[in-house]
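Student: The UniProt record's numbering puts the first residue of the sequence shown at 1, with every later residue one more than the last.
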Amino acid sequence: MQNSFPRLFCRYCGRPQTSQTMLKHECVMQQLELINCPHCEQRFQHLDALKTHIQLIHNNVFQCHICFKQFKQRCHLLTHLAQHTGDKRFICAVCEKAFARKDTLDVHMKIHNNERAYECQSCGQKFKQRGHLLRHELIHKRTDYKCIQCGAVFQMDFELRKHLESAHGVVFK
Numbered sequence: 001m002q003n004s005f006p007r008l009f010c011r012y013c014g015r016p017q018t019s020q021t022m023l024k025h026e027c028v029m030q031q032l033e034l035i036n037c038p039h040c041e042q043r044f045q046h047l048d049a050l051k052t053h054i055q056l057i058h059n060n061v062f063q064c065h066i067c068f069k070q071f072k073q074r075c076h077l078l079t080h081l082a083q084h085t086g087d088k089r090f091i092c093a094v095c096e097k098a099f100a101r102k103d104t105l106d107v108h109m110k111i112h113n114n115e116r117a118y119e120c121q122s123c124g125q126k127f128k129q130r131g132h133l134l135r136h137e138l139i140h141k142r143t144d145y146k147c148i149q150c151g152a153v154f155q156m157d158f159e160l161r162k163h164l165e166s167a168h169g170v171v172f173k
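(1) Rounded to a whole number of angstroms, what is the C-alpha to C-alpha distance between R101 and K110?
(2) Within a Cβ cutoff of 7 Å, which residues of the same chain sit near I91, ignoring the five residues on either side of it in sequence?
(3) Following the continuous alpha helix (DSSP H) through Q83, name the residue where it begins and the one where it ends.
(4) Are the beta-carbon atoms of C147 and L134 separated by less than 9 Å?
(5) Would you call the segment 32–49 and the segment 7–15 in contact, with 3 or more CB pairs under 8 Å?
(6) Enumerate in chain order the residues of its own chain whose CB-to-CB distance from T79 is below 7 Å, with the five nearest sequence positions on each side excluded.
(7) Using beta-carbon positions only, say whether L77 and F68 come within less than 9 Å of one another.
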């Protein structure tokens, strides 16, 4: 025989209760440490329930359950989640290297062709990747790094640092 009591929904957890059990249930729920929704008066027993509530009721934001970063579109969240899971579904057709993001694969593909889209404005040398151009441009804004112990000159600060460590025993923290 089916229960003839009407089904009611708890204002704390949203679970259905019979009218016969509702009062006792709500008294118990009231005593629990509940999480308040920052947008309305609803309270939740579990953080996951609050997150789902906010996503469905208050805004159309998709939030990463690992780092809590928010996205306006579900597809952007899915792309982001691949960074946490290590899911690399974008495969280079030439060398089979795998990437989590399509834009990273697109940048990688430039190493397989001779396209050198990034040109130095000072000398005209061309590069496949923007980062390589930026590193190259440092030589045109050259600052000599001179060792105060022996007078050796270096183009890059890290070269002087390596020299100081190996030639003079200087320890950097």
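Beta carbons are placed, not taken as given, at the ideal position from N, Cα and C, and that holds for glycine.
Computed from a predicted model, the values in this text were never measured in an experiment.
Tutor: With the structure as the only source:
(1) The alpha-carbon atoms of R101 and K110 are separated by roughly 15 Å.
(2) Closer than 7 Å at Cβ, skipping near neighbours: A98.
(3) For Q83, the uninterrupted alpha helix (DSSP H) run begins and ends at 74–85, by DSSP.
(4) no
(5) yes
(6) R101
(7) no
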